[in-house]
Amino acid sequence: MSMACDADAVYASCVRLARALDSSEASVVLIRHGESLANVSNVVCSLMHNGIKPEYSLSPKGKQQAHESGAVFAKTLPAAHHVLIYTSPFSRATATAEIFGHACAKSASASGAVEQPHVVEWLRERCFGEDAELKPSNEPYERYWRHDAADPFTPPPEGGVGRESVGEVALRTASGFTELLDRIGATTIGTSVVLVAHGDTLSTLAAVLAFCQREESERTIQAFTDALRAHRSHGLKQAEYVTFPRVGVSHETALT
């Protein structure tokens, strides 16, 4: 995952997702995990073998954030609405998904079915490389984001084994989401598909979804490349969610 990815292949995968979304009746909800213990320690935790550990799950504040987001989201749902929840395997995401779903199901407004979260590997955290793992997070993130704005299809030259470009994240999330939409098919009427994941995973996917909402004639490879370069403009705060198509404003929990 340290080589340049094929821009044409990434673009093609996102065009396929756009077509799948064009034929879907589902609303799509992206939610970032609540505050994690890695956030509290200000360290990068992007490798799978660390990310799934309970010691990098949610802090008490993060659990409260996830609960509040689920309760607020439930109040926006129409009667008999169906909620499907899919989550990254990382412990901070699975805990958020479980708490969010439980809070949503408890709400009097959520008269439809809220399914138990399904774990999908393609929502995992963006990998920032072995060299950055469990080390202070500010410098690696800023370095990656500067590089993303210049070239979204290659990772930065520093960072060690495993580092991912924005293009690679776009490819795996677009491909995974397309397969998911194909699988659930006609069940999407009256359904929200909730995707629980991480900052860069979701800012990349949000950039892809915004691109998919363009008119078909505007879905050019240059427009797509520009969207990936600016993915951080779609960054979500802890336990913040956003809905596509945009039927309202995003919600940020009011915790300090």
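Heads up, the sequence shown is in the numbering used here, so the first residue is 116 and it goes up one at a time. All residues carry an ideal CB built from backbone N, CA and C; glycine is no exception.
For the beta strand (DSSP E) that contains residue 304, what are its first and last residues? By 1-based counting over the sequence shown, the position of residue 304 is 189. From DSSP, residue 304 is part of no beta strand (DSSP E); its letter is neither H nor E.
DSSP beta-bridge partners of residue 147: Within the sequence shown, residue 147 is the residue found at index 32, counting from 1. The partner list for residue 147 (beta bridge, DSSP) reads 312.
Bridge partners of residue 78, per DSSP? The requested residue 78 does not occur in the structure, where the chain is confined to residues 116 to 371.
Length of the line joining the Cα atoms of residue 130 and residue 327: Residue 130 sits at position 15 when you count from the first residue of the sequence shown. Residue 327 sits at position 212 when you count from the first residue of the sequence shown. Per the coordinates, the alpha-carbon of residue 130 lies some 7 Å from the alpha-carbon of residue 327.
Distance, residue 237 Cα to residue 288 Cα: Taking the sequence shown and counting its residues from 1, the one referred to as residue 288 is at position 173. Taking the sequence shown and counting its residues from 1, the one referred to as residue 237 is at position 122. Roughly 6 Å separates the two Cα atoms.
Per DSSP, what kind of secondary structure is residue 272 in: helix, strand or coil? As a working mapping, residue 272 is identified with position 157 in the sequence shown. The answer is coil: DSSP assigns residue 272 none of H, G, I, E or B.
Provide the residue span of the alpha helix (DSSP H) that contains residue 254, from first to last. Numbered from 1 along the sequence shown, position 139 holds the residue referred to as residue 254. That run of the alpha helix (DSSP H) goes 253–265.
To the nearest angstrom, how far is the alpha carbon of residue 189 from that of residue 354? On the sequence shown, position 74 is the one that residue 189 refers to. On the sequence shown, position 239 is the one that residue 354 refers to. The alpha-carbon separation between residue 189 and residue 354 amounts to approximately 14 Å.
Work out the CA separation of residue 352 and residue 245 for me, nearest whole Å. For the purposes of this step, residue 245 is taken as the residue at position 130 of the sequence shown. For the purposes of this step, residue 352 is taken as the residue at position 237 of the sequence shown. Between the alpha carbons of residue 245 and residue 352 lies a distance of about 25 Å.
Rounded straight-line distance, which links the Cα of residue 307 to that of residue 294: Here residue 294 corresponds to residue number 179 of the sequence shown, with the count starting at 1. Here residue 307 corresponds to residue number 192 of the sequence shown, with the count starting at 1. Using only the alpha carbons, I get a separation of about 16 Å.
Residues near residue 176 by beta carbon distance below 6 Å, same chain, minus five either side: For the purposes of this step, residue 176 is taken as the residue at position 61 of the sequence shown. If we look at residue 176 and ignore the five residues flanking it on each side, its Cβ neighbours are 150.
Run of the alpha helix (DSSP H) containing residue 215, from where it starts to where it stops: Numbered from its first residue, the sequence shown carries residue 215 at position 100. Judged by DSSP secondary structure, residue 215 falls within the alpha helix (DSSP H) whose first and last residues are 206–221.
Close Cβ partners of residue 233 (< 8 Å) along its chain, the five nearest in sequence each way excluded: Within the sequence shown, numbered from 1, the residue matching residue 233 stands at position 118. Excluding residues within five positions, the ones whose Cβ falls inside 8 Å are 199, 200, 201, 202.
Distance, residue 317 Cα to residue 219 Cα: Locating residue 219 in the sequence shown gives position 104, counting from the first residue. Locating residue 317 in the sequence shown gives position 202, counting from the first residue. Distance between the alpha carbons of residue 219 and residue 317: 21 Å.
Cutting at 6 Å between CB atoms, please list the residues of its own chain near residue 263, excluding the five before and the five after it. In the sequence shown, residue 263 corresponds to position 148, counting from 1. Taken in chain order, the residues that qualify are 281.
Looking at residue 344: is its Cβ nearer than 7 Å to the Cβ of residue 270? As a position in the sequence shown, residue 344 is number 229, starting the count at 1. As a position in the sequence shown, residue 270 is number 155, starting the count at 1. Taking 7 Å as the cut-off, the Cβ atoms of residue 344 and residue 270 do not count as close.
Do residue 154 and residue 251 have their beta-carbon atoms positioned less than 7 Å apart in this structure? Taking the sequence shown and counting its residues from 1, the one referred to as residue 251 is at position 136. Taking the sequence shown and counting its residues from 1, the one referred to as residue 154 is at position 39. No; because the gap between Cβ atoms is not below 7 Å, this pair is not in contact.
Is the beta carbon of residue 358 closer than 7 Å to that of residue 142? Numbered from its first residue, the sequence shown carries residue 142 at position 27. Numbered from its first residue, the sequence shown carries residue 358 at position 243. Yes, these two residues count as a Cβ contact at 7 Å.
Pull up the CB-CB distance for residue 178 and residue 214, whole angstroms please, since I reckon it's below 8 Å. Locating residue 178 in the sequence shown gives position 63, counting from the first residue. Locating residue 214 in the sequence shown gives position 99, counting from the first residue. Contact holds; Cβ gap of about 6 Å.
Residue 164, buried or exposed, once every other Cβ within 10 Å from all chains shown has been counted against 16: Numbered from its first residue, the sequence shown carries residue 164 at position 49. Classification for residue 164: exposed.
Can the beta-carbon of residue 272 be found closer than 7 Å to that of residue 159? Indexing the sequence shown from 1 puts residue 272 at position 157. Indexing the sequence shown from 1 puts residue 159 at position 44. Their beta carbons are not under 7 Å apart, which means residue 272 does not touch residue 159 by this criterion.
Can you give me the C-alpha to C-alpha distance between residue 132 and residue 319, rounded to a whole angstrom? Position 17 of the sequence shown, counted from the first residue, corresponds to residue 132. Position 204 of the sequence shown, counted from the first residue, corresponds to residue 319. Distance between the alpha carbons of residue 132 and residue 319: 14 Å.
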